[in-house]
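Numbering (the numbering used here), first residue to last: 1 to 311.
To start, the structure under review is shown below, and the notes come after it.
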């Protein structure tokens, strides 16, 4: 296990270094500079700004300076948000995205696994058809349509929830379901197909022959083996959801990471773009690492070694 963890850690460091390098040079390839705006900036002020942010140096020296700062976990100062560092922006916005994303992930897994299990146990019956209709709608209906529909029905016609902001617990309900609707559909389909396969296995027939209850067979034997595809999907899902949905945060007026990422691109805020990209990348790699560890808890037959994963 120690060798495996060390190998994964080295891989994460190398991957982040490559990501930082690629992102840096992509930013330099974009025409223009962060100080272009509708209001012309006097040449003297622009020169001072370029010198302050180190943009007047050769690209190689800008790159080495940036890598040094990243290595010390300093993502630099924002070029558009005055007197605010990228670290401060991420620290202030990530809380909103994390809380909303965590609610969406828990909801997606709970509802998706439940729907998929019911559909598998009631294969080709009414409940199976209803669950698959929900799954198809979840994949077909865009998140911004679902968010707008939820706002109209439960915020305007039936004024049960606020349509903007995250000021109280009930404010999480609408954006959570809007953000979780598509993952619910995907997890339901994964669980259903996996459960159908597991339910036909010999060990399930043996459990039934021993007289075990249907609940015990479903939870302790079938679901535990069928959940692995969901665990695989959970890592990328958690990262994508927790780091913030640009559309959902925009519609519900949530000041999360998605808002700042869009504005950083619009404003050519190089340091903020690179900082958020690295932050997203680090979260994705950590989530995949935790997903690998979770395999061992879900299925004890999977052993993590210094080489490859072995079952």
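Quick reminder that beta carbons are idealized off the backbone N, C-alpha and C, glycines included.
Beta-carbon gap between residue i and residue j smaller than 8 Å
i, j, result
"residue 108", "residue 183", "yes"
"residue 181", "residue 173", "no"
"residue 23", "residue 215", "no"
"residue 163", "residue 151", "yes"
"residue 320", "residue 251", "Because the chain here runs from 1 to 311, residue 320 falls outside it and cannot be looked at."
"residue 198", "residue 225", "yes"
"residue 58", "residue 267", "no"
"residue 245", "residue 179", "yes"
"residue 281", "residue 16", "yes"
Own chain partners of residue i with C-beta closer than 6 Å, once the 5 adjacent residues on each side are dropped
i, result
"residue 235", "287, 288, 291"
"residue 259", "249"
"residue 229", "190, 194"
"residue 135", "185, 188, 189"
"residue 70", "20"
"residue 112", "184, 187, 188"
"residue 12", "285"
Beta-ladder partner(s) of residue i, from DSSP
i, result
"residue 85", "77"
Cβ separation of residue i and residue j, assumed to be a contact under 8 Å, to the nearest whole Å
i, j, result
"residue 223", "residue 105", "Rounded, the Cβ-Cβ distance is 18 Å, inconsistent with contact."
"residue 192", "residue 120", "5 Å"
"residue 90", "residue 279", "6 Å"
"residue 247", "residue 97", "About 13 Å; that fails the 8 Å criterion."
"residue 276", "residue 257", "6 Å"
"residue 127", "residue 133", "Actually they do not touch by this definition, with Cβ atoms about 11 Å apart."
"residue 100", "residue 254", "7 Å"
"residue 196", "residue 123", "6 Å"
Spatial neighbours of residue i in its chain, beta-carbon cut-off 7 Å, leaving aside the 5 residues before and after
i, result
"residue 307", "At residue 307 the pLDDT is 45, less than 50, meaning the model places this residue with poor confidence and gives no usable figure here."
"residue 208", "217"
"residue 42", "none"
"residue 94", "257"
Spatial neighbours of residue i in its chain, beta-carbon cut-off 8 Å, leaving aside the 5 residues before and after
i, result
"residue 271", "53, 75, 76, 77, 78, 79, 86"
"residue 227", "113, 191, 194, 298"
"residue 65", "54, 57"
Considering only residues of the region 254-279, which uninterrupted alpha helix (DSSP H) runs meet the minimum length of 4 residues and lie entirely inside it, listed in chain order? 257-266
In chain order, what are the residue ranges of uninterrupted alpha helix (DSSP H) at least 4 long that sit wholly in the region 184-212? 202-209
At what residue ranges does the region 134-159 contain a whole run of the alpha helix (DSSP H), taking only runs of 4 or more? 143-151
May I have a chain-ordered list of the beta strand (DSSP E) segments no shorter than 3 residues that lie completely inside the region 9-63? none
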